[in-house]
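Below: one structure, written as structure tokens.
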Amino acid sequence: MRAPRIQQIEEYVLKHNTVSLKELCDKFQVSMSTIRRDVAELVQRGTIKKVYGGVSANSQPDLVPFHARSNINQIAKQVVCDLALQFVEEGDVIFIDTGSTTCNMVEGLAKFKNITVITNNIDVIIRAIPYPNIQLFSLPGMLNRKNNSFSPMGPEDIFHNYNITKAFLAAGGISLEGHVTNNTPLETPVKQAAIQRAEQNILLVDSSKFGASSLITFCKITDLDKIITDKRPDDKYINYCREHSIDLIFPQ
């Protein structure tokens, strides 16, 4: 029972940003000593941090290890990927960006007979290995252990003239100021190169990313063809996308 409770605590803190230890005790009906042990494990993972009298969501997502981020909002991320897979077609050459949401697309590609995946993410590579129908290309570069990704070492053409049908992109935040942002400077050139090479650019974000802002703007919202998320965003985002002819896709 401890593992499910720890995940529930993690999701609760991330949703409410800052909570007291007493509130967690009351919410999950456990003792203070139990909550302290659970919190200590989450602090070690890097997803939350201790504050006076309680805990707070880690405000620097780039410091949170990839495997820890992968466990956050799992249901929402799978909803996003299931929607994204509807836009994959036989014979596509797709780029799967480094992201705790985008990597969940891989298993859904098993139904295709002929699909090519280009990625810079180790998790995508490992998850694609069992599927012989996926022709897999890995981008070279320096290993970024925080994100399980390879980052380019120089200004050369990252994609070596690959023609990408669809780029499935990840982001740390999306704002009405027109910015799509992420926290990792080394990955920015990869994202930007993919956007330049792809016929369609599709952003996969769970609903927590709307209104959030990260360190670096890697593209404008208007550079995107589609935005896929797990629930209906505020009307202001719906109106913005409609005005700029961007498909905003979410469960109906």
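Mapping the sequence shown onto the numbering used here, position 242 (from 1) lands on 1475, and the numbers just tick up by one. Glycine included, C-beta positions come from ideal geometry on N, C-alpha and C. Please read these numbers as outputs of a predicted model, since none were measured by experiment.
At least 3 beta-carbon pairs within less than 8 Å: the stretch 1345 to 1354 vs the stretch 1325 to 1335: yes
Valine 1246 and threonine 1334 closer than 9 Å at C-beta: Their beta carbons are not under 9 Å apart, which means valine 1246 does not touch threonine 1334 by this criterion.
Outcome for valine 1284 when other beta-carbon atoms lying within 10 angstroms are tallied against a minimum of 16: exposed
Distance, arginine 1270 Cα to leucine 1457 Cα: 43 Å
N- and C-terminal bounds of the alpha helix (DSSP H) containing phenylalanine 1345: Counting along the chain, phenylalanine 1345 falls outside any alpha helix (DSSP H), and DSSP gives it neither H nor E.
Cut-off 8 Å between Cβ atoms - residues of its own chain near glutamine 1241, not counting five sequence neighbours on either side: Phe1261
Nearest to glutamate 1322 (by Cα), restricted to the options Gly1341, Lys1310, Arg1238: Gly1341
Aspartate 1259 (DSSP reduced to helix, strand or coil): The three-state secondary structure of aspartate 1259, taken from DSSP, is helix.
Same chain, Cβ closer than 7 Å to serine 1408, neighbours up to 5 away in sequence not counted: For serine 1408, where only same-chain residues beyond five positions count, the Cβ hits under 7 Å are Gly1444, Ser1446.
For asparagine 1250 and serine 1289, believed in contact at Cβ under 8 Å, the rounded distance: That belief holds up - the Cβ atoms of serine 1289 and asparagine 1250 are roughly 6 Å apart, short of 8 Å.
9 Å Cβ cutoff met for leucine 1481 and isoleucine 1449: no
Euclidean distance between Cα positions of glutamate 1243 and proline 1385: 33 Å
Same chain, Cβ closer than 6 Å to cysteine 1258, neighbours up to 5 away in sequence not counted: Met1265, Ile1268
Paired residues, beta bridge with serine 1408 - DSSP: Note: serine 1408 sits in no beta bridge, so no partner.
Residues of its chain near isoleucine 1254, where Cβ-Cβ distance is below 6 Å and the 5 sequence neighbours each way are ignored: Note that residue 1254 is leucine in the sequence shown, not isoleucine. The answer, listed in chain order, is Ile1268, Gly1287.
Same chain, Cβ closer than 8 Å to histidine 1477, neighbours up to 5 away in sequence not counted: Ile1454, Thr1455
Where lysine 1346 falls, given that 16 or more other Cβ within 10 Å makes a residue buried: Counting other Cβ atoms within 10 Å of its Cβ, lysine 1346 stays below 16 and is therefore classed as exposed.
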